[in-house]
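Residue numbers (the numbering used here): 384 to 615.
Backbone N, C-alpha and C fix where the C-beta goes; we use that ideal spot for every residue, glycine too.
To start, the structure itself, in structure tokens.
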Ligand SMILES: Nc1nc2c(ncn2[C@@H]2O[C@H](COP(=O)(O)OP(=O)(O)OP(=O)(O)O)[C@@H](O)[C@H]2O)c(=O)[nH]1
Ligand SMILES: [Mg+2]
């Protein structure tokens, strides 16, 4: 599919996990719709689905976003959502140590249960609460390095780093795809490497229109599909 930029759109399944009330739904809504509600939010029941198209410099990525419930009662459903995932964002609340502990467990589960190529990102959300006690930055940094994660402190409230987080993931997914294609080309050629290795560009461009609502998922009444391209 052409996302309006003249290049082929590649679909990727992205899932969000993390403790209850860390801001998963708020991050998704900030990314997809560009808004944040100060009203108390209803906890997600089961899962919510959204989608959004991001146009990078030479490719277009459609994120199919599965926003899971943090409540323990839905944890049994998790494998249904992480199965086949191309990327995951594990969210914790930067002011809540327990939510960081839970995030580490999620990362470990995803590393062992999902395909090796999955892009794993960690979001330390609620960075706007700067006067609150924060999870030790050193501990976060060590964990991020040990596990080779994309990490950003985000704020669904202010919007800080929300788009950046998704764009970093999109960029990595595209780079990974190019690398895979280059290796395949190399393998199928007679030993001559005609494809250069991936250039991990971070340039992106945005179109603004909402595309067809392709909320093809059963029972997902919240489905939404938007198109966004941003010049970094
Ligand atoms: N200050 C601040 N509050 C936030 C931020 N993100 C979310 N919140 C608030 O945190 C509460 C929980 O947000 P949700 O987005 O519903 O959290 P969730 O992780 O989806 O929760 P579950 O669906 O129960 O798993 C809400 O009251 C939000 O307004 C943020 O970046 N900063
Ligand atoms: Mg939620």
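* Can you tell me which of the three DSSP states residue 441 falls into? => Per DSSP, reduced to three states, the secondary structure at residue 441 is coil, with no helix or strand assignment.
* **Sequence-distant residues of its chain with Cβ nearer than 7 Å to residue 547 (five each side left out)** => Annotation for residue 547: 535 place their beta carbon closer than 7 Å to its own, counting only its chain and skipping 5 residues before and after.
* Asked: Where do the ends of the alpha helix (DSSP H) carrying residue 562 lie?
  -> In the DSSP annotation of this structure, the continuous segment of the alpha helix (DSSP H) that includes residue 562 starts and ends at 545-571.
* Would you call residue 458 buried or exposed, if buried means 16 or more other Cβ atoms sit within 10 Å of its Cβ? -> By the neighbour-count criterion, in which 16 or more other beta carbons inside 10 Å mark a residue as buried, residue 458 falls on the exposed side.
* Could you give the uninterrupted runs of the beta strand (DSSP E) lying entirely in the region 474-511, keeping only those of 3 residues or more? -> Every beta strand (DSSP E) of 3 residues or more that sits fully in the region 474-511 is shown, in chain order, as 502-508.
* How is residue 414 classed by DSSP in three states: helix, strand or coil? -> DSSP places residue 414 in helix when its eight states are reduced to three.
* Per-residue burial, residue 586 [other beta carbons within 10 Å of its own, 16 or more giving buried] -> Residue placement at residue 586 is flagged as unreliable, the pLDDT there being 37, under the threshold of 50; the coordinate-derived value follows with that caveat. Counting C-beta atoms within 10 angstroms of its own C-beta, residue 586 has fewer than 16 neighbours from the protein chains shown and is therefore classed as exposed.
* In the structure shown, what three-state DSSP assignment does residue 532 receive? -> In this structure, residue 532 counts as coil in the three-state DSSP scheme.
* Assess, as a yes-or-no matter, whether the region 464-483 is touched by the region 401-412 under the definition of 3 or more beta carbon pairs within less than 8 Å. => The answer is yes - the region 464-483 touches the region 401-412, with three or more Cβ pairs under 8 Å.
* Is residue 392 near ligand 1, judged by its Cβ being under 6 Å from some heavy atom? -> Of the heavy atoms belonging to ligand 1, none sits nearer than 6 Å to the Cβ of residue 392.
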